[in-house]
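Data block below; observations after.
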Amino acid sequence: MASSLADFILIGPGTFLYTPPKPTPGQLIILCTWLGAARRHIAKYTALYRCIAPNARILLVESSVGILASAFVRPQRVMEFAPAAAAVLDTLAECEHRSSSHPKRSANGRLSDEMTNSRTCRSTPSSSYAQPKTLMHIFSNGGMNSATHLLRVLRSRMDQPLALTGMMFDSCPGKATSYWQTFDAMVLSFPKTIFWRFLGALAVHCFLIFVSLYIACGYENPATFWRRGVLEESSPARGACYLFSREDRMIEWTDVEQHAEEARRKGWRVKEVLFEGSGHCAHLTMDRRRFKANKDER
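Structural data, given as structure tokens:
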């Protein structure tokens with residue numbers, strides 16, 4: 001991994017966890033990256049979050065073509081996100097967020113010894129335990145896929161939606177109705193060699209044709225499932241911030257605005273931040289100060 005990610009520990013396929021020297025109980029930042037995101041680009045965001053919240057754990061969930069493709073064929077598939085879900089539950093358990101009837105599991109999925117004893121859940125405002133603070137930052141539709149499935153796993157294990165402090169929608173969510181926008185996004189995730197450009201393009205064309213037939217047969221467009229699911233599978237956060245630009249060639253900015261309005265109707269406190277001139281998942285590069293300011297507000 002890049003040097004800025006050297007302190008992250010692999011806990012599952014494409015899933016990494018950073019624990020600071022003195023972590024604050026219950027504080028967690030979840031990064032669901034875009035499809036095929038390079039580690040050097042991811043490192044810019046992890047470095048920023050380590051500066052903003054130095055005592056918070058950071059859970060990194062990468063997106064790959066394989067995981068994204070599985071959502072089209074098997075939308076209920078969740079096994080890839082079990083390690084990430086275990087890490088979230090570990091952090092919540094630090095604040096006694098759940099009762100002892102829901103055993104705490106470590107990031108590797110094993111029961112934690114400290115949760116085998118019967119204890120009383122302390123989740124009321126008068127509790128002496130700190131309240132959990134979980135921020136989820138979602139990048140592009142690849143991150144939407146990861147976030148939606150992760151939230152579904154957590155809801156099934158907690159018997160209630162995950163309560164988030166805030167949610168960041170970065171260059172998403174799109175409706176994925178454009179064949180060529182989806183094609184470009186998937187092809188860019190392959191290695192930039194002649195072999196992979198040819199083979200990757202061929203594979204993506206075949207896959208998208210299959211998806212078109214899949215939707216034509218009456219199945220739900222996975223992008224529609226993500227747009228709906230990410231709001232349904234989590235409790236309305238204190239704030240949802242949408243970061244987008246009209247220059248984004250992968251996601252239609254109108255799709256982002258429509259989702260923001262839907263979130264408002266569902267009770268979310270929404271803020272929309274329109275960047276000028278920045279491309280897909282590149283707002284940090286274009287305007288770091290403004291980007292950081294909106295993160296601080298969450």
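The numbering of the sequence shown is UniProt numbering, which starts it at 1 and goes up by one.
Ideal Cβ positions, reconstructed from N, Cα and C, are used throughout, including at glycine.
Everything numeric in this text was worked out from a predicted model, so none of it was measured.
For residue j and residue i, the rounded distance between their alpha carbons
i: Ile9; j: Asp90; result: 15 Å
i: Lys104; j: Ala87; result: Only weak support is given to the placement of Lys104: the predicted model assigns it a pLDDT of 46, under 50, and the question is left unresolved by the model.
i: residue 299; j: Ser156; result: Outside the shown range of the chain (1 to 298) lies residue 299, about which nothing can therefore be said.
i: Ser112; j: Ile209; result: Caution is warranted here: a pLDDT of 45 is assigned to Ser112, below 50, making its placement in the model unreliable, and no coordinate value can be reported.
i: Arg98; j: Gly166; result: Confidence at Arg98 is low in this model, with a pLDDT of 43, below 50, so its placement is unreliable and the value that follows should be read with caution. If you take the alpha carbons of Arg98 and Gly166, they lie about 20 Å apart.
i: Ala84; j: His149; result: 10 Å
i: Ser63; j: Gly12; result: 13 Å
i: residue 300; j: Ile194; result: Outside the modelled stretch of the chain, which goes from 1 to 298, sits residue 300, for which no answer is possible.
i: Gln181; j: Asn141; result: 11 Å
i: Glu220; j: Ser212; result: 11 Å
i: Gln131; j: Leu199; result: 49 Å
i: Val256; j: Val230; result: 13 Å
i: Phe16; j: Cys217; result: 37 Å
i: Tyr18; j: Asn145; result: 22 Å
i: Pro236; j: Ala163; result: 7 Å
i: Leu5; j: Glu252; result: 31 Å
i: Gly279; j: Pro173; result: 15 Å
i: Lys175; j: Ile215; result: 13 Å
i: Ala43; j: Asp287; result: 17 Å
i: Arg197; j: Met186; result: 11 Å
Per-residue DSSP class, three states only, for residue i
i: Thr254; result: helix
i: Trp34; result: strand
i: Gly229; result: helix
i: Thr24; result: coil
i: Phe291; result: helix
i: Tyr18; result: strand
i: Glu272; result: strand
Cutoff 9 Å: residue i Cβ touching any chain C Cβ
i: Glu233; result: Looking for chain C here will not work: only one protein chain is present.
Endpoints, alpha helix (DSSP H) assigned at residue i
i: Leu164; result: Element bounds for Leu164: n/a, residue is neither H nor E.
i: residue 301; result: This structure cannot settle anything about residue 301, because the visible part of the chain is limited to 1 through 298.
Limits of the unbroken beta strand (DSSP E) element including residue i
i: Ser278; result: Segment: none, Ser278 is in no beta strand (DSSP E) and carries neither H nor E.
i: Phe244; result: 240 to 245
i: Gly12; result: 9 to 12
Whole-number beta carbon distance between residue j and residue i, since they are thought to touch under 8 Å
i: Ser245; j: Gly277; result: 7 Å
i: Pro23; j: Arg57; result: 6 Å
i: Gly61; j: Ile30; result: The sequence given here places Val at residue 61; Gly does not occur at that position. Val61 to Ile30, Cβ: 7 Å. Contact.
i: Met136; j: Asp184; result: Wrong, their Cβ atoms sit about 26 Å apart, outside the cutoff.
i: Trp268; j: Ala223; result: About 19 Å; that fails the 8 Å criterion.
i: Phe81; j: Val153; result: 5 Å
i: Glu272; j: Tyr242; result: 5 Å
i: Ser189; j: Asp248; result: Ser189 to Asp248, Cβ: 17 Å. No contact.
i: Phe169; j: Trp34; result: 12 Å between Cβ atoms; not a contact.
i: Glu94; j: Pro25; result: 4 Å
Go through the region 125 to 159 residue by residue and report every complete run of the beta strand (DSSP E) that reaches 3 residues or more, in order.
133 to 139
Please give me, in chain order, every unbroken run of the beta strand (DSSP E) with length at least 3 that falls completely inside the region 182 to 219.
none
List, from N- to C-terminal side, the alpha helix (DSSP H) runs of 4 residues or more that fit wholly inside the region 37 to 93.
39 to 52, 65 to 73, 82 to 93
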